[in-house]
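J.: So in my numbering, the last spot in the sequence shown is 258, and the numbers never skip.
A virtual CB, placed ideally from N, CA and C, is assigned to each residue, including glycine.
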Amino acid sequence: MPCFLWDCWPSLEIRVVLCAMGCIQSIGGKARVFREGITVIDVKASIDPIPTSIDESSSVVLRYRTPHFRASAQVVMPPIPKKETWIVGWIQACSHMEFYNQYGEQGMSSWELPDLQEGKIEAISDSDGVNYPWYGNTTETCTIVGPTKKDSKFIISMNDNFYPSVTWAVPVSESNVAKLTNIYRDQSFTTWLVATNTSTNDMIILQTLHWRMQLSIEVNPNRPLGQRARLREPIAQDQPKFLSKNEPHPSTGNSQGAWLG
């Protein structure tokens, strides 16, 4: 079972964990019981309260590393009487993306998803491409194979951040002279905690949350390497938002989306 079993389940009360910096958020109240008797004990989500770090050690590229988005859930699956398999885990989609690298008057490079920008689709799958539709298959999912005689209690978790390399010089140019002047990135995500019966394809949405990562880096290419880049606002990221009413996942047929494997 590719998950971390959670054997300490003394009560159905959920602890509310809040940090002054908003580094951990948790849904408070009673444990929630869904169809098939699946129980969600607690769900936590946060974005690390640290600024994006910038690395100018390379003469070819600028690297930056954003703070991590992190989510975890404690779930209890009741006994499964039949010979069937359930997977509980995290699914994520990008619902908005702006990503531009400006090279002064030379122009800019960008990563664009036209159908998303034009509103033709609502989201693009953020699966790793191997374990579609799941975000991953290590800590991100837990597989329970029936029949089972007792509760299966486990924790599933995921994390995400950006760690790209951006060339100092114009990408399509043969010149290696630094021209990079600005990096701008703004992406929004929807993340679902989901239970799926692989035998029937029945999907149960257990929790939906939204989060966003914004980034702006100002660059002076004329300055010495190591002194060129400066992080601009926002320095701290907004914390994830738990939805009180779950949004449908596009594969349920109640929403529109494009899902890339």
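For the stretch 143 to 155 against the stretch 44 to 61, are there 3 or more C-beta pairs whose distance is under 8 Å?
T.: In short, these stretches do not touch, since the Cβ pair count stays below three.
J.: What does the alpha-carbon distance come out to for the pair E53 and V163?
T.: Going from the Cα of E53 to the Cα of V163 covers about 10 Å.
J.: Taking the alpha carbon of W165 as the reference point, which residue from P46, T82, S50, N219 has its own alpha carbon closest?
T.: Looking at the Cα atoms, N219 is the closest of the given residues.
J.: Got a sec: does the ligand NAD put a non-hydrogen atom nearer than 8 Å to the Cβ of H65?
T.: This structure does not include the ligand NAD; it has no bound ligands of any sort.
J.: Determine the direct distance from the alpha carbon of G116 to that of E137, and round the result to whole angstroms.
T.: Answer to the nearest angstrom: the Cα atoms are 29 Å apart.
J.: So, is V169 buried or exposed, given that buried needs 16 or more other C-beta atoms within 10 angstroms?
T.: Classification for V169: exposed.
J.: According to DSSP, simplified to helix, strand and coil, what is E102?
T.: Helix.
J.: Using DSSP with H/G/I as helix, E/B as strand and the rest coil, what is G25?
T.: In this prediction, G25 has a pLDDT of 49, which is less than 50 and means its spatial position is unreliable; what the coordinates show is noted afterwards. Correct three-state label for G25: coil.
J.: Following the continuous alpha helix (DSSP H) through Q114, name the residue where it begins and the one where it ends.
T.: That run of the alpha helix (DSSP H) goes 111 to 114.
J.: Starting from N243 and walking both ways along the beta strand (DSSP E), at which residues does that stretch end?
T.: Segment: none, N243 is in no beta strand (DSSP E) and carries neither H nor E.
J.: Is it buried or exposed for D157, if we count other Cβ within 10 angstroms and need 16 for buried?
T.: So D157 counts as buried.
J.: Which partner residues does Q204 have in the DSSP bridge list?
T.: DSSP output for Q204 lists L190 as bridge partner(s).
J.: With DSSP collapsed to three states, give me the class of C20.
T.: Below a pLDDT of 50, predicted positions are generally treated as unreliable, and C20, at 47, falls in that range; the measurement from the model is reported next regardless. In this structure, C20 counts as coil in the three-state DSSP scheme.
J.: Return helix, strand or coil for G223, following the three-state DSSP convention.
T.: Looking at G223 - three-state DSSP - the assignment turns out to be coil, as it is neither helix nor strand.
J.: What does the alpha-carbon distance come out to for the pair Q204 and M155?
T.: One C-alpha to the other measures close to 14 Å.
J.: Shortest alpha-carbon distance to K176 belongs to which of V216, T145, F159?
T.: Closest by alpha carbon: V216.
J.: Whose C-alpha, out of R67, P245, I121, is nearest the C-alpha of S43?
T.: Nearest C-alpha to S43: R67.
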